[in-house]
Amino acid sequence: MKWNRRLSLFAFFFASAIAAARPGQDRDVTLTADDLAQGKRVYVGQCSLCHGIEGVGGRGPALNQPTLRRAKDYQVLYNVIKNGVAGTEMPGAWQLTDREVRRVVGYIQSLNRVEASKLTGDAGRGRELYRAKGCAVCHIVRGEGGASGPELTGIGARRSAAYLREALIDPSASAPDGFLLVRVITRAGRSIRGLRVNEDSFTIQLRDDEDRFHSFRKNELKDLKKEPGVSTMPSYKALAAAELDDLIAYLASLGGPK
Amino acid sequence: MKNIRLLSIAFYLSLTVAVTAQVPYKRIADAGAEPGNWLTYSGDYQSHRFSRLAQITPANVGRLKTAWVYQFKQLGRQETSPVVVEGVMYVSESPTIVTALDALTGRTLWSWRRSISPLVKTIGFGRSNRGVAILDDTVYVGALDCYLVALDAKTGAVRWETKVEDNATGYSITAAPLAIDGKIIVGLSGGEAGIRGFLDAYDAKTGKLAWRCWTIPGPEEPGRETWGGDSWKTGAGATWLTGSYDPDLNLIYWGTGNPGPDWNGDSRPGDNLYACSLLAIDAATGKIKWYFQFTPHDVHDWDSNQIPVLIDADWQGRPRKLVAMANRNAFYYLLDRVTGEFLLGEPYAKQTWAKGLDAKGRPIVLPNTEPTIEGNLVWPSLQGATNWHSPSYSPLTKLFYVAAREMGAYYYKGEAEYRPGTFFAGGGERALDGDKAYGAVRALDVTTGKMKWEFRLQAPPWAGVLATAGGVVFGGSNEGNFFALDAATGKPLWDFQTGGAITANPISFLIDGKQHVAIAAGQALFVFGLPSAGRGR
């Protein structure tokens, strides 16, 4: 009897081990409906700010799609959540236990996976438009362009199409981190406006719109005003609807360095 | 020429004295009488981190120059506060290295390195070491693998080592030990690993355990009733920063850390004594004489390990022995250090979790400030309104200087499953960083807690402050600025870009009769002094 019980216990754990997802496997089938509900609560509190309710995307990429660009299978998605993505705004969830991460993975995988809403624009035409409108004066794509705006080499992997649209129409609504506009007035009365390159408690370094660096000691300035939420990028809302779609299609196609 | 020769002889004699110097307990107890040395972690047993040297003043601090720079031997987070005895500086480094330097030149006299495996557990904190203690002719250091090691001050040779606790279960040491009469007091880290906290005293000569004071009461002990079920067994209450000592009362004052698990208090109903408390411990027996709990049933990881500063001052018209603490929970506290009586509590930074403190100092906690699965925005962040970096007290200005952190955080509640030697925290936070946060050096009236001045910092700091009798307060920033403020007004007087984040405490001492200031920054230790004709400085 005892032996039988041991055998059945062994069978149970063996089956559980097989059922649980392992590297390369696609899903963790041991998760219950309650686990997914718990995963959803964590997702809503800690992930949806960037990835949107039900994974529709936003500041971060959409997660309600059949294939995730940075997380093609269960284990990679687990690792992305646990450890973050280096060089992006995606932090690692050090605060979550293994089980909590598995629940979040399960919830993300359970999202109603829809084909990415087919972008109606033409990426090729968008690329031409990108050149014609002079976007490269301020943005770098694969090593080419200016640096007064954020690099766009991997922007398609980091931002949803809806977010890119909003950024083109109303740039100040999504002014990027690290591009703070600052206006200083020197003691001599000279006014300089530029992007903050660096700052400490005693000094500030700016780059003006002609790409010249300026360095000031704060106690030598008559005034220093920061303009959070203000972007120097012009709005592209005057573009024809089809042109805007093309530009978004091009930006969405930028998945990273070739 | 004769004079030069005589000076040379005197100089070499002083070096001879330096490497054979004895630091009996009485010298540390009277550290204020010899401001040319820095004999213990916070400068004196009262933890004032105040230098009685007055050569550097608001008028001349603008002329400070680097005297020398020492590059640390191993890359790591350098949080050290050195000890200086007659021309020899004893500096600890990450992960557990102790080096004796010639304070005149910065050249190494000896260096000792403990072999620390990459597998050594540091759960919830960095692989740092914050300093050493010296007593008689021995230097004491706590090792990351949770040993206490005694080194010969002349050579760095190991005299003895004692295992404090098992690192496999998450116990570790980063704090500088405190040397008192014949005993070495050692605090430990591990509050995010579900340890049961304690403070130990070891015989300075033999390394034998003299007493252990558990910070979490066990069965049949008072305070046990403040823990539901068996939760006391994993109750944390780490003792990870160096405390203070009153030789007259023979009491050790030592802060305790968060209860475990940090952000999920469901499994530990009750006040959770003596987590987040200040303990007054009889140095002879290790018995707790009194306690004061700053944050009962803490769920925000607001350890109360901050430096307890012992102050003798008038309180409501009569002289009183006081202990002050700027707590991580954003309140500044003043207690009677003989009895533990609560006297005063005032916020010194933004806080959104308590309506205030009641007459006994217990916080009146606001509703909906606990961590949740979805996240709850509360000030201060889990790193607190201040943290391990030291405050300073000047008996001349009667001001308490603190490097404050203005930062909020979304607190998350999560699961907590105890497995020995693993992260046992039950949640976490997402801090409001970047331009949403800032820091400040603040000067508080020591008996009212009211702010007299502040100097704003770009980011919430990790560097302590040092006030001097010359009327200067030194501090550091995350962006690498080492700076001097006017102690009376907070006006910035001098700053130097060190090129690396400053996560350490400044000290001051004499080299060749001249006042110097030292601070660790980035991967180096910088020593500054006023230029003089003699040695090209």
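Going down the list, the protein sequences come from chains A and B.
Per this note's numbering, residue 3 is the first one in the first sequence, and the count goes up by one each step.
Per this note's numbering, residue 1400 is the first one in the second sequence, and the count goes up by one each step.
Ideal placement from N, C-alpha and C gives every residue a C-beta, glycine not left out.
Note that this is a predicted model, so its numbers are computed, not measured.
Helix, strand or coil at residue i according to DSSP, with G and I counted as helix
| i | result |
| --- | --- |
| A:Cys140 | coil |
| B:Lys1582 | strand |
| B:His1447 | coil |
| A:His216 | strand |
| B:Thr1465 | strand |
| A:Glu102 | helix |
| A:Gly26 | Residue confidence for A:Gly26 is low, a pLDDT of 47 falling below 50, so the modelled location carries little weight; the figure read from the coordinates is stated next. Coil. |
| B:Ala1532 | strand |
| B:Arg1611 | strand |
| A:His53 | helix |
| B:Ile1408 | Summary for B:Ile1408: the model assigns pLDDT 43, below 50, so the residue's position carries little reliability; its value from the coordinates is reported in the next sentence. In this structure, B:Ile1408 counts as helix in the three-state DSSP scheme. |
| B:Trp1752 | coil |
| A:Arg72 | coil |
| A:Arg133 | helix |
| A:Ser203 | coil |
| B:Leu1780 | The sequence shown places Ser at residue 1780 of chain B, not Leu. Three-state DSSP puts B:Ser1780 in coil, outside helix and strand. |
| A:Lys227 | strand |
| A:Gln67 | coil |
| B:Trp1437 | strand |
| B:Thr1888 | coil |
| B:Ser1566 | Before going further, note that residue 1566 of chain B is Asn rather than Ser in the sequence given. Correct three-state label for B:Asn1566: helix. |
| A:Pro173 | helix |
| B:Thr1625 | helix |
| B:Asp1645 | strand |
Anticipated Cβ contact below 8 Å, residue i with residue j, distance rounded
| i | j | result |
| --- | --- | --- |
| A:Leu256 | A:Ile194 | Contact flag wrong, Cβ pair sits at about 33 Å. |
| B:Asn1663 | B:Gly1569 | The pair is not a contact, with the Cβ atoms about 17 Å apart (cut-off 8 Å). |
| B:Cys1545 | B:Ser1514 | In fact, because the Cβ distance is near 14 Å, the residues do not count as touching under 8 Å. |
| B:Ala1603 | B:Gly1586 | With a Cβ gap of about 16 Å, B:Ala1603 and B:Gly1586 do not count as contacting. |
| B:Ala1578 | B:Ile1427 | 7 Å |
| B:Lys1553 | B:Ser1510 | Rounded, the Cβ-Cβ distance is 13 Å, inconsistent with contact. |
| B:Arg1512 | B:Ile1496 | 5 Å |
| B:Tyr1489 | B:Val1519 | 23 Å between Cβ atoms; not a contact. |
| B:Ala1862 | B:Val1872 | That belief does not hold up - the Cβ atoms of B:Ala1862 and B:Val1872 are roughly 12 Å apart, past 8 Å. |
| B:Tyr1690 | B:Gly1636 | That belief does not hold up - the Cβ atoms of B:Tyr1690 and B:Gly1636 are roughly 11 Å apart, past 8 Å. |
| B:Leu1508 | B:Val1484 | Contact doesn't hold; Cβ gap of about 12 Å is too wide. |
| B:Leu1756 | B:Leu1742 | B:Leu1756 to B:Leu1742, Cβ: 11 Å. No contact. |
| B:Ser1876 | A:Asp202 | 6 Å |
| B:Gly1555 | B:Ala1502 | Going by Cβ atoms, the distance from B:Gly1555 to B:Ala1502 rounds to 16 Å, so no, they are not a contact pair. |
| B:Val1531 | B:Val1482 | 6 Å |
| A:Arg105 | A:Leu51 | With 8 Å as the limit, A:Arg105 and A:Leu51 do not qualify as a contact, their Cβ atoms being about 18 Å apart. |
| B:Arg1611 | B:Pro1695 | 24 Å between Cβ atoms; not a contact. |
Cutoff 8 Å; reference residue i; Cβ partners in own chain excluding five residues on either side
| i | result |
| --- | --- |
| A:Arg24 | In this prediction, A:Arg24 scores a pLDDT of 45, lower than 50, which makes its location untrustworthy; the coordinate-derived value is nonetheless stated afterwards. Here the set comprises Gln77. |
| B:Leu1650 | Tyr1644, Ala1679, Ile1680, Asp1681, Ala1682, Lys1688, Arg1736 |
Cβ neighbours of residue i in the same chain (closer than 7 Å, five flanking residues each side left out)
| i | result |
| --- | --- |
| B:Thr1785 | Gln1705, Ala1725, Arg1727, Val1801, Ala1802, Ala1803, Arg1804 |
| B:Ala1868 | Ser1450, Arg1451, Leu1452, Ala1453, Leu1795 |
| B:Pro1766 | none |
| B:Val1948 | Nothing about residue 1948 of chain B can be reported from this structure: the residues present for chain B run from 1400 to 1936 only. |
| B:Leu1608 | Asp1599, Tyr1601 |
| A:Leu79 | Leu70, Ala73, Val107, Ile110 |
| B:Ser1630 | Ser1666, Arg1667 |
| A:Gly26 | At A:Gly26 the pLDDT is 47, less than 50, meaning the model places this residue with poor confidence and gives no usable figure here. |
| A:Pro230 | Leu182 |
Neighbourhood of residue i by C-beta distance below 6 Å, restricted to the same chain and skipping five residues each side
| i | result |
| --- | --- |
| A:Asp247 | Thr122, Gly123 |
| A:His141 | Gly147, Gly151, Leu154 |
| B:Val1468 | Ala1923, Phe1925 |
| A:Arg294 | Residue coverage of chain A in this structure runs from 3 to 260, which leaves residue 294 of chain A outside it and unanswerable. |
Chain-ordered neighbours of residue i on chain D, where CB pairs are closer than 8 Å
| i | result |
| --- | --- |
| B:Ala1824 | You won't find chain D in this structure, because its protein chains are A and B. |
**Request:** Run through the segment 1674–1723 of chain B for me and flag every whole beta strand (DSSP E) of 3 or more residues, listed as ranges in chain order.
**Result:** 1676–1681, 1687–1692, 1708–1714
Assess contact between the segment 73–86 of chain A and the segment 167–175 of chain A, defined as three or more Cβ pairs (one per stretch) separated by less than 8 Å. Is contact present? no
Legend entry - Contact the segment 1818–1832 of chain B vs the segment 1591–1608 of chain B: 3+ CB pairs below 8 Å: yes
Does the segment 1773–1791 of chain B come into contact with the segment 1642–1655 of chain B, if we say contact requires no fewer than three beta-carbon pairs (one atom in each stretch) closer than 8 Å? no
- Within the segment 1813–1870 of chain B, ranges of the beta strand (DSSP E) (whole runs, at least 3 residues): 1826–1830, 1837–1844, 1850–1856, 1865–1867
Please determine if the segment 233–247 of chain A and the segment 1534–1553 of chain B are in contact, where contact requires at least 3 C-beta pairs separated by less than 8 Å. no
| query | Is it true that the segment 1850–1866 of chain B meets the segment 132–140 of chain A, where meeting means three or more beta-carbon pairs spaced less than 8 Å apart? | reply | no
If you pair each beta-carbon of the segment 1909–1918 of chain B with each one of the segment 227–247 of chain A, do three or more pairs fall below 8 Å? no
I'd like the ranges of any beta strand (DSSP E) spanning at least 3 consecutive residues and lying wholly in the segment 1453–1533 of chain B. 1464–1470, 1482–1484, 1487–1492, 1496–1501, 1507–1512
Original post:
So does the segment 126–136 of chain A actually touch the segment 210–226 of chain A, counting three or more Cβ pairs closer than 8 Å?
Top reply: no
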